[in-house]
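A.B. asks:
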Amino acid sequence: MIDYLLLKALLLTEGVYSDKKSLEGVGTKYKEQNHGLFGWDFENHKEIKLPDDFYLPDGTVVQYRLNSSSQYNVKKVDEKLILYKNEDSICEVRWIDRPEYYNKKTTTGKEMVKIGQLGGEDCLFFCFQNYCSNFKNNKQCSFCNLVPTSKTYNSVIRKKEAREIGEVTAAAFDEGQAKHINMTGGCYISGKELEVVSNILSEMRRHTGLEKIPGLVAPAPAKGNNIQEYYDTGIETLSFNMEIWDPGYYKAICPGKSSSTSHEEFIKSIKEAVEIFGEGKVYVAMVMGLEPKETFLEGIDFLSNLGVNIIPFVWAPNPGSKLEGHRAPYANWYKETILEASDIVYEHKVPWGLENHCYKCDGNSLLHDALRLKGIE
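In terms of the UniProt record's numbering, the sequence shown opens at residue 1 and continues consecutively.
Structure representation (structure tokens):
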């Protein structure tokens, strides 16, 4: 019997590659990578269209991370896609269908796929500005390759207009595949991010007819009165990209972010957000694998106790980041740690918030998959 949680952890930490035949239809029939934020692969591939993500037989969604040196590879055999470890077959996999809106244009003539991309099966993703000001002073987070990715691929529009995002949202939701959004915008220094987000949410609501937009917005951390104002935009949930729980590791790994928002400020703002948005409607994104298991689980326990949902992304070294070429923890570490984390989350009985974030859009983390083993899906 296949341990799909471990298999997903292996594919995220070791990467995967595919033969030419298995890539037929990627970019036409099947959803391709469009690099809306980071490059998650182990190596760049400007000239090759690769799947964005894929299904394992139990419905688990896995982000595709190219590593041409990996033991894991996909081959087309008798019209089926088979995942191998070296020459030993493991299971059948399936690429995810390409959404219809990827072929459409906005009223301004721009390709919708260059504005918003579908993450996994059902999460509509927007990075409304593909830039982070911390790169200016070489103070970007060590794991981040947002700016290098944007320069390498140039596959998305770097600065999106609110009206265009609204049109893409309506098209994706009307199609029926997208169920919720996930939106971020790098790190702003202008102080106008709330205004930008407010205008975008207004256009989303106008074009979709929805009073509240399901999903989450992750601004450069909301603080003070801004938290209420983000609630008033009409987004269902607010997310905080805290990245690292341990204060010492946080300062070392995120020099720019930690200088503008301390560990203590994050906690204060998260608590205030829970009071306004409610339990289960505040998210914290973590980068799993860059701090010890002990401190990571301390963060899971503390945040879950507040009624917060957590998205712990599985880290692997990305090209263009300061940690390019380093080694992530092994898959067994990820599996054991995430199972302990899921026990903690389950015991705290945090409202699951699956209408805003779920395993189907979660190809690059493991917590939803671990919770599925407890019947939460």
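We put the beta carbon where it would ideally sit given N, CA and C, even for glycine. Just so it is clear, the structure is predicted and the values come from calculations on it, not from any experiment.
Taking 8 Å as the threshold (C-beta atoms), are residue 132 and residue 144 in contact?
C.D. replies: On the sequence shown, position 144 is the one that residue 144 refers to. On the sequence shown, position 132 is the one that residue 132 refers to. Cβ distance < 8 Å, so residue 144 and residue 132 count as in contact.
A.B. asks: Leaving out the 5 sequence neighbours to the left and right, which residues in its chain are closer than 8 Å to residue 342 when beta-carbon positions are compared?
C.D. replies: Residue numbering aside, residue 342 sits at position 342 when the sequence shown is read from its first letter. Cβ neighbours of residue 342 beyond the five flanking positions: 367, 370, 371, 373 and 374.
A.B. asks: Just how far apart, CA to CA, sit residue 394 and residue 377?
C.D. replies: Any question about residue 394 goes unanswered here, given that the chain covers just 1 to 377.
A.B. asks: Identify whether residue 1 lies in helix, strand or coil by the three-state DSSP scheme.
C.D. replies: Your numbering for residue 1 matches position 1 in the sequence shown. It is coil, neither helix nor strand.
A.B. asks: When we look at the beta-carbon of residue 380 and count the other beta-carbons within 10 Å, is it buried (16 or more) or exposed?
C.D. replies: Residue 380 lies beyond the residue range present for the chain, which begins at 1 and ends at 377; the question has no answer from this structure.
A.B. asks: Could you tell me whether the stretch 101 to 117 touches the stretch 156 to 173, using the rule of 3 or more Cβ pairs below 8 Å?
C.D. replies: With three or more CB-CB distances shorter than 8 Å, the stretch 101 to 117 counts as touching the stretch 156 to 173.
A.B. asks: Assuming residue 244 and residue 253 make a contact with CB atoms under 8 Å, what is their CB distance in whole Å?
C.D. replies: Position 244 of the sequence shown, counting from 1, holds the residue named residue 244. Position 253 of the sequence shown, counting from 1, holds the residue named residue 253. With a Cβ gap of about 5 Å, residue 244 and residue 253 count as contacting.
A.B. asks: Can you find the residues in the same chain that come closer than 6 Å, C-beta to C-beta, to residue 228, ignoring five residues on each side of it along the sequence?
C.D. replies: As a working note, residue 228 is residue 228 in the sequence shown. Only 276 meet the Cβ criterion.
A.B. asks: Whole angstroms are fine: how far does the CA of residue 347 sit from the CA of residue 157?
C.D. replies: The count along the sequence shown starts at 1 and reaches residue 157 at position 157. The count along the sequence shown starts at 1 and reaches residue 347 at position 347. Whole-angstrom Cα-Cα distance: 43 Å.
A.B. asks: State the start and end residues of the unbroken alpha helix (DSSP H) segment that holds residue 36.
C.D. replies: As a position in the sequence shown, residue 36 is number 36, starting the count at 1. Here residue 36 belongs to no alpha helix (DSSP H), and DSSP marks it neither H nor E.
A.B. asks: Could you spell out where the alpha helix (DSSP H) holding residue 296 opens and where it closes?
C.D. replies: If you number the sequence shown from 1, residue 296 lands on position 296. Unbroken alpha helix (DSSP H) run through residue 296: 293 to 305.
A.B. asks: Count the C-beta pairs between the stretch 136 to 153 and the stretch 191 to 202 that are closer than 8 Å, then say yes if the count reaches three, no if not.
C.D. replies: no
A.B. asks: Expressed to the nearest angstrom, what Euclidean distance is found between the alpha-carbon atoms of residue 196 and residue 36?
C.D. replies: The residue labelled residue 196 in the question sits at position 196 within the sequence shown. The residue labelled residue 36 in the question sits at position 36 within the sequence shown. Distance between the alpha carbons of residue 196 and residue 36 is about 18 Å.
A.B. asks: Could you spell out the range, first to last residue, of the alpha helix (DSSP H) harbouring residue 228?
C.D. replies: Looking up residue 228 in the sequence shown gives position 228. Element bounds for residue 228: 225 to 232.
A.B. asks: Could you compute how far the alpha carbon of residue 337 sits from the alpha carbon of residue 241?
C.D. replies: In the sequence shown, the residue the question calls residue 337 occupies position 337. In the sequence shown, the residue the question calls residue 241 occupies position 241. Those two C-alpha atoms are separated by around 20 Å.
A.B. asks: Expressed to the nearest angstrom, what Euclidean distance is found between the alpha-carbon atoms of residue 12 and residue 161?
C.D. replies: Taking the sequence shown and counting its residues from 1, one reaches residue 12 at position 12. Taking the sequence shown and counting its residues from 1, one reaches residue 161 at position 161. Near 33 Å, if we compare the C-alpha coordinates of residue 161 and residue 12.
A.B. asks: Under 6 Å Cβ to Cβ from residue 184, same chain only, skipping five residues before and after it: list those, please.
C.D. replies: Against the sequence shown, residue 184 aligns to sequence position 184. 127 and 218, listed in sequence order.
A.B. asks: Could you tell me the boundaries of the beta strand (DSSP E) in which residue 148 lies?
C.D. replies: Counting from 1 along the sequence shown, the entry for residue 148 is found at position 148. It is not in any beta strand (DSSP E) - residue 148 instead sits in the alpha helix (DSSP H) that spans 146 to 153.
A.B. asks: Could you check what DSSP says for residue 263 in three-state terms: helix, strand or coil?
C.D. replies: One-based indexing of the sequence shown puts residue 263 at position 263. Reduced to three states, the DSSP call for residue 263 is helix.
A.B. asks: According to DSSP, simplified to helix, strand and coil, what is residue 173?
C.D. replies: Here the question's residue 173 lines up with position 173 in the sequence shown. Reduced to three states, the DSSP call for residue 173 is helix.
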